[in-house]
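Residue numbers (the working numbering), protein chains in the order written: chain A, 6 to 375; chain B, 6 to 375; chain C, 141 to 559; chain D, 141 to 559.
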């Protein structure tokens, strides 16, 4: 047993951290928000050059083939700097759809481009308000043409193609590859809680739709890949939570009131101690998720749900406490606190909200106990 | 609108408080626990002499006929001193069963004796572990004879008679008066979390059972009276919570560590501030319950559930925090902290646990909003 | 204990209701309903114009500051009548936010400390909405530690000359007058060297800059003073008595905040009734949802009934006390929790912040981004807990590093770096 | 990152498993399963006899203190092997509680501070369970403020003479030896005047009185010293160096407590699987129950995996640090919450405390009455948060009223009353 990243992985962490510190200061995040682009194309290309996010894509498809532990290491650093990148859509999900369910031709066509950051894939499941479920998919494919509306679609504006859930003439749920610059696709950016990770509404009116792989996988594919994506997503949350805690700590040490640093008041000390505890519990659950994902363990569903529930709660707490410690400055646009708070809201809801994952956690913990 | 007890009611509060301070010091509570009697017969008789708990029983049945606001005033003081008295069973519930569903003869026979503290009535609904529900009543009455087992029965050892839920030959649920010294009744004291309020297991093997009133009221009677009882029960919780807070405050002011009273540490100050807030919210909800009960409002079910959910949470928090403030002394038998903690557990579970009341609260709040 | 109206109260309520039926801007009903508390969503009319119009109409009929003496623009109502009025005003109370600080805090401070002439001159215009007021208290280095303010006032002939900066000033852009606390003597202990004024916001040297908040609004401002002159006649209290004057304001701030106890629970309940979670299932059918709602509900009803208890006490002659700190302490956190909870139920679409696309016009998204400021402005959660602990429960003050020290010698981040 | 055994670890695990299969007291299995953590429920045999027997058997095979050096009674295992051993020991680890303080805290302190001869004499008997140890630290007026102890030690020839009182001493009745911190100089600052000894508990003048706890057990004792003599040779560290010695003990206490992270979640889950709540419905079918369970579950698994991370760090040579304070801070509160939650589900019958009548033999009732002490003993929630804030996050210490003051001049309740 070794429940820690290896020396090589920690070296990777250090170099990725240096990369992001250099290439993704918070001004870059703000620039994305101000420009309304929803992601940072320049940073995305540099990440592609370094192949940082291609660690889990096999070498034969243009990736590094190192594995998922390395992906988790990189994800934590993405979370720490609030990287405005299409990680959850293109890397944690769409690449997985392709690897697990794509045809050989589809893999050869798209994976190398994703690995090199030459293409972005979006995942188009949602059709409005409510928990993601198979019975809420109303988009239709008929004669190879897709009709329907998807909202919200993460990175839908930036994406070159999307994997779209839709029903065929026989009502069978399936997944389709759709190029988004093609005719029959209309998309518009939508305003969300976290403008550093863009979202779109996409209306398909007869766009060409190619079945993903053999097209014989139902909703279980969504759940399988959601579990896999939940682990690096939890690492993004852990990275963000740690940074929010560090910012709160630094501010509390430098801010004086009543003739002393506010960090010397127990109200602040204990608030931050509780944040630290939540962060550590989240990190430990995330490590288990990383192991389960990388080892192909049959405990992945349980590990993913545990990582997700713990990390969501930790990041929400850390980012809210960071604002609280900053006092009035904490809720200004000028200070960065709200960027973490917004990101925590995005990461809490992406892949489905906490209640969905609480339910899955207990479902799989029951299975493990049985 | 006047959302406060009247001057007369506040005078009643003062005199009842003085009475209990004199007659029910904590040594009296401990004596009941040590003796294992489950209640304090001498105090019960004195309360009967003062008719403090007979305020809501009409004069024609030996009571004071003052009303329910006065009962709530007295209940709060009972809670404050942890009075070892059969309030929840005999007063808040059994007297109500008699008043609402009893025959004239039954009222004339039992109410004056309850009012004068010459008799104790117990309510025998429970049949073991699980939420109280109609479908869990298995006791049977056949030819006027009762067979079944009830556990736990509050004040079952002290009681002279019980109102028992049972099914007749036609499976119809009904309520029966059973004298507990009669043949066919075997009872034994059972150990519970709060030995200052005794409980029993009662086995009925052919005991004589007289239908309550016309015997035509089903489970809705249980819910109706549970709602009514919930209000004074909430006042007992509010009284207990206030006392636990006062004890914690006093201890924190007198206990020195690190050269200063521990009450000067923000960890303690803010813990007690939060207790105060919870207590005040509970008190305000309880006041609404008192008004609804006394005014015969159709909002009683909502008011009762709100009072109950808030008061249960407040007393549990206050009594646990009181232990925490006392440190090591807090969990000794010698200090009184655990008596409040035990009583908070009893009052949380008597009349059904918090989840039952949460559900009812929302059920009736929905109805009020519709 | 009587939750219902007495006959006299019922008569009064009928009168208030009739007046509102006859006079309120009913054409704004839909837009006001869609406005979350603290955020007016009027597009058909300029919000300030609508607000001033309603305030003026109320003022003409004596409803604007109904509990004030008639000679200062009030209606001479008692505190119960004032509650009845508020209940009846309902939706239209959302139009009063520009005047809350003036009516709730500056007005009472003027009433206690200004000259009779100043009161008769200023208060009716404050009451009628003609003159908006703001409160110039907080500074960048003096938030929770309000007495640590550094804005200087120096006597010069019949005037005082002001230099410094305030922050978190609501409605500074719209305000004609401001209540201004200054430091007039930095060589004495920090609570002793303060002096209070009221200031014409159009005085030369006053510059107002809006602060952009995390939710993209700008409810607050920075206010800069460069050699601003205030006549000594506009001083409130003696020089050095400023902290005592400020306590009048703060006491009334608590009472004002205590009145604002609408947590928005009813809207959340309604949302859970409507939100589909499966075939023939709504969110409210889920036991987890009901349990969470119940915990919110006791806070919502608890705050409402606590306010009623407070009003009953006021009607018996009590003063608004520190126990009023409960209102904001509870409601700010509960709003934040409710928003997170509602967004969870919306799934990924909970991210949508565009009112045209989001569920319930983005109500909960808006609350999520606003509630953090609620937990800080007007006394942070931590300050309110300290107030309850010290002023209600009688626990000792925190150990002070700034006690019995001349203000200019109190440690700051700057001295710590130097030292 | 590898959660599975390496081949070498698998071999080791098989060896441990085999030894346990061959040697463990399997006849106690049922009773041990019914014992909640921290409460041995053995009736077929004297618990202390069973505990000593198992400890002796382990000791003979090198499993008693597997990570200790062989010359002191250890097995020379590395920290990963120690975890594997713990996992395999499983149920039977409940028999070790009499020895936890000796093995976890007193032993390591002796190892760091005693002479080689003392170590070779005392530690093997500690390890084998022949000699039980206790920790004589807390006093009635020195709980969280441990350095405020008042028990005096005065030098007299080759001895020290002890007078005073300790409290909250676990296993003082069974202990043969105690680690004793005393004040040898009250005229210097409080951390400077302390001296540590180890004491033969059979010395004349030592009196032990059990403390009855709220749950009717007596896990703790008061220990009184009247002119007790200790040879100077049993001093650990120099006179005045007692606080430094105590820190060795406290650091190891944290590591010991961090290891105990069984929250009892699995038993709660199992309970919810079994509890009927209607026809064909169990508690676990209720969404509210699942949501609460999920929040408990992440704490349970989070603590387990945090302990694994800690062990991995130890196996790379790290020291047990203040971050180990997490374990007890989280688990104590979670146990209390879980007990309240389970009792709620049991309805009024949740009141039953008699194991013969209560659900699950009264498991959750017992936890409800035990968990408050868990939140205090071994460092209260508040002290642990302070440790995390100061030692992990590097935030400033609380402002001290007792800094740079001679111990005898520090304010106490008594001086405050006089003053």
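Glycine included, each C-beta is placed from N, C-alpha and C at the ideal position.
Note that the coordinates shown come from a computational prediction; the quantities given were computed from them, not determined experimentally.
Legend entry - Alpha-carbon to alpha-carbon, residue 315 (chain C) and residue 444 (chain D): Start at 1 with the first residue of the fourth chain, and residue 444 (chain D) comes out as number 304. Start at 1 with the first residue of the third chain, and residue 315 (chain C) comes out as number 175. Residue 315 (chain C) has its alpha-carbon roughly 58 Å from the corresponding atom of residue 444 (chain D).
Which first and last residues belong to the alpha helix (DSSP H) in which residue 274 (chain A) is found? The residue given as residue 274 (chain A) occupies position 269 in the first chain. Note, residue 274 (chain A): alpha helix (DSSP H), 271-300.
### Message
Cβ closer than 8 Å: which chain B residues qualify as neighbours of residue 213 (chain D)?
### Response
Along the fourth chain, one-based indexing puts residue 213 (chain D) at 73. Going along chain B, no residue has its Cβ under 8 Å from residue 213 (chain D), so there is no contact; the nearest lies around 32 Å.
If you draw a straight line from the C-alpha of residue 560 (chain D) to the C-alpha of residue 195 (chain B), how long is it? The question about residue 560 (chain D) has no answer here: the residues shown for chain D are numbered 141 through 559.
Helix, strand or coil: which one does DSSP assign to residue 388 (chain D)?
-> Taking the first residue of the fourth chain as position 1, residue 388 (chain D) is located at position 248. Residue 388 (chain D) falls in the helix class under three-state DSSP.
Collapsed DSSP secondary structure at residue 336 (chain A) in the structure displayed
Residue numbering aside, residue 336 (chain A) sits at position 331 when the first chain is read from its first letter. Correct three-state label for residue 336 (chain A): helix.
Quick check: does the Cβ of residue 341 (chain D) come within less than 6 Å of any heavy atom belonging to the ligand COA?
This structure simply doesn't include the ligand COA, nor any ligand for that matter.
- Message: Does chain C have any CB closer than 7 Å to the CB of residue 10 (chain B)?
- Response: Mapped onto the second chain, residue 10 (chain B) falls at position 5. Judged by the 7 Å Cβ criterion, residue 10 (chain B) is in contact with chain C.
For a quick check, are the C-beta atoms of residue 302 (chain C) and residue 368 (chain C) less than 7 Å apart?
Along the third chain, read from residue 1 onward, the residue named residue 302 (chain C) stands at position 162. Along the third chain, read from residue 1 onward, the residue named residue 368 (chain C) stands at position 228. Against a cut-off of 7 Å, the Cβ pair of residue 368 (chain C) and residue 302 (chain C) comes out as a contact.
Quiz item: Would you say residue 137 (chain A) faces chain C, with C-beta separation under 7 Å as the test?
Solution: Translated into the one-based positions of the first chain, residue 137 (chain A) becomes position 132. Yes, because at least one Cβ of chain C sits closer than 7 Å to the Cβ of residue 137 (chain A).
Enclosing beta strand (DSSP E) for residue 480 (chain C) [first to last residue]: Locating residue 480 (chain C) in the third chain gives position 340, counting from the first residue. From DSSP, residue 480 (chain C) is part of no beta strand (DSSP E) but of the alpha helix (DSSP H) over 466-486.
*Consult DSSP for residue 536 (chain D) and reduce its assignment to one of helix, strand or coil.*
By 1-based counting over the fourth chain, the position of residue 536 (chain D) is 396. Residue 536 (chain D): coil per DSSP, three-state reduction.
Can you name the residues of chain C whose CB is closer than 7 Å to the CB of residue 290 (chain B)?
Here residue 290 (chain B) refers to the residue found at position 285 of the second chain. Per Cβ cutoff of 7 Å: 438, 441, 442, 445.
Inset, instruction - Starting from the Cα of residue 174 (chain C), find the closest Cα among C:225, C:160, C:234 and give me that residue. - result: What you label residue 174 (chain C) is simply residue 34 of the third chain in a count that begins at 1. Out of C:225, C:160, C:234, C:234 has the C-alpha closest to the C-alpha of residue 174 (chain C).
| request: Would you list the one or two residues that DSSP bridges to residue 207 (chain A)? | output: As a working note, residue 207 (chain A) is residue 202 in the first chain. Bridge partners of residue 207 (chain A): A:155, A:192.
Pairwise C-alpha distance: residue 116 (chain A) and residue 50 (chain A): Your numbering for residue 50 (chain A) matches position 45 in the first chain. Your numbering for residue 116 (chain A) matches position 111 in the first chain. Each residue's Cα considered, the two are about 15 Å apart.
- prompt: Going along the region 279-291 of chain D in order, which residues come within less than 7 Å of chain C, judged by CB to CB distance?
  reply: none
| query | Are there 16 or more other CB atoms within 10 angstroms of the CB of residue 569 (chain D), so buried, or fewer, so exposed? | reply | Given a span of 141 to 559 for chain D in the structure shown, any question on residue 569 (chain D) remains unanswerable.
key: Beta-bridge partners of residue 306 (chain D), as assigned by DSSP   = Reading the fourth chain from its first residue, position 166 is the one you call residue 306 (chain D). DSSP lists D:363 as partners of residue 306 (chain D).
task = Pick out whichever of D:523, D:282, D:383, D:319 has its Cα sitting closest to the Cα of residue 272 (chain D).
result = The residue labelled residue 272 (chain D) in the question sits at position 132 within the fourth chain. The residue with the shortest Cα to Cα distance from residue 272 (chain D) is D:319.
Rounded to whole angstroms, what's the CA-CA distance from residue 60 (chain B) to residue 168 (chain D)? Just pull it up for me. Here residue 60 (chain B) corresponds to residue number 55 of the second chain, with the count starting at 1. Here residue 168 (chain D) corresponds to residue number 28 of the fourth chain, with the count starting at 1. Answer to the nearest angstrom: the Cα atoms are 57 Å apart.
Please say whether residue 52 (chain B) and residue 45 (chain B) have beta carbons closer to each other than 7 Å?
The residue labelled residue 45 (chain B) in the question sits at position 40 within the second chain. The residue labelled residue 52 (chain B) in the question sits at position 47 within the second chain. Against a cut-off of 7 Å, the Cβ pair of residue 52 (chain B) and residue 45 (chain B) comes out as no contact.
Next item on the list: Anything in chain B within Cβ reach of residue 263 (chain A), meaning under 8 Å, just list it in chain order.
Entry: For this step, residue 263 (chain A) is matched to residue 258 along the first chain. None at all; the shortest Cβ gap to chain B is about 12 Å.
Exercise. Would you list, in chain order, the members of the region 416-440 of chain D that have their beta-carbon closer than 9 Å to a beta-carbon of chain C?
Key: From the region 416-440 of chain D, only 426, 427, 428, 429, 430, 431, 432 have a Cβ closer than 9 Å to chain C.
inquiry  = So for residue 208 (chain D), helix, strand or coil by DSSP?
reply    = Position 68 of the fourth chain, counted from the start, is the residue given in the question as residue 208 (chain D). Of the three classes helix, strand and coil, the one that applies to residue 208 (chain D) here is coil, per DSSP.
query = When DSSP labels each residue in this structure, what does residue 327 (chain B) get in the three-state scheme?
reply = Within the second chain, the letter at position 322 stands for residue 327 (chain B). Looking at residue 327 (chain B) - three-state DSSP - the assignment turns out to be helix.
Comparing the C-beta of residue 536 (chain C) with each C-beta of chain B, is any distance below 7 Å?
Here residue 536 (chain C) is taken as the residue at index 396 of the third chain, counted from 1. Yes - at least one Cβ of chain B is within 7 Å of the one on residue 536 (chain C).
Below 7 Å between beta carbons: does that hold for residue 243 (chain B) and residue 171 (chain B)? Position 238 of the second chain, counting from 1, holds the residue named residue 243 (chain B). Position 166 of the second chain, counting from 1, holds the residue named residue 171 (chain B). Not in contact: residue 243 (chain B) and residue 171 (chain B) (Cβ atoms no closer than 7 Å).
CB contact check: residue 523 (chain D) to chain C, cutoff 7 Å
Along the fourth chain, read from residue 1 onward, the residue named residue 523 (chain D) stands at position 383. False, the Cβ-Cβ gap to chain C never drops below 7 Å.
Does the region 137-152 of chain A come into contact with the region 95-115 of chain A, if we say contact requires no fewer than three beta-carbon pairs (one atom in each stretch) closer than 8 Å? Result no; under three Cβ-Cβ pairs closer than 8 Å.
Requested in this report: Return the CA-CA distance between residue 247 (chain C) and residue 150 (chain C), expressed in angstroms with no decimal places.
Outcome: Within the third chain, numbered from 1, the residue matching residue 247 (chain C) stands at position 107. Within the third chain, numbered from 1, the residue matching residue 150 (chain C) stands at position 10. Rounded to whole angstroms, residue 247 (chain C) to residue 150 (chain C) spans 29 Å at the Cα level.
Query - Close-in-space but distant-in-sequence residues of the same chain around residue 165 (chain C) (CB under 8 Å, 5 per side omitted) - result: As a first step, residue 165 (chain C) must be located in the third chain, where it is residue number 25. Once the five neighbours on either side are set aside, the close Cβ partners of residue 165 (chain C) are 190, 193, 194, 232, 235.
Subject >> Unbroken stretches of the alpha helix (DSSP H), 4 residues or longer, contained in the region 141-221 of chain C >> reply: 147-163, 169-174, 187-200
Kindly indicate if chain D contains any beta-carbon less than 7 Å away from that of residue 5 (chain A).
-> Nothing about residue 5 (chain A) can be reported from this structure: the residues present for chain A run from 6 to 375 only.
Drop a sphere of 10 angstroms on the beta-carbon of residue 371 (chain C), count the other beta-carbons inside from all chains shown, and report buried for 16 or more, exposed for fewer. Numbered from 1 along the third chain, position 231 holds the residue referred to as residue 371 (chain C). So residue 371 (chain C) ends up on the exposed side.
Report task. Starting from residue 267 (chain D), trace the alpha helix (DSSP H) both ways and give me its first and last residue. Result -> By one-based count along the fourth chain, residue 267 (chain D) stands at place 127. Per DSSP, residue 267 (chain D) belongs to the alpha helix (DSSP H) from 256-268.
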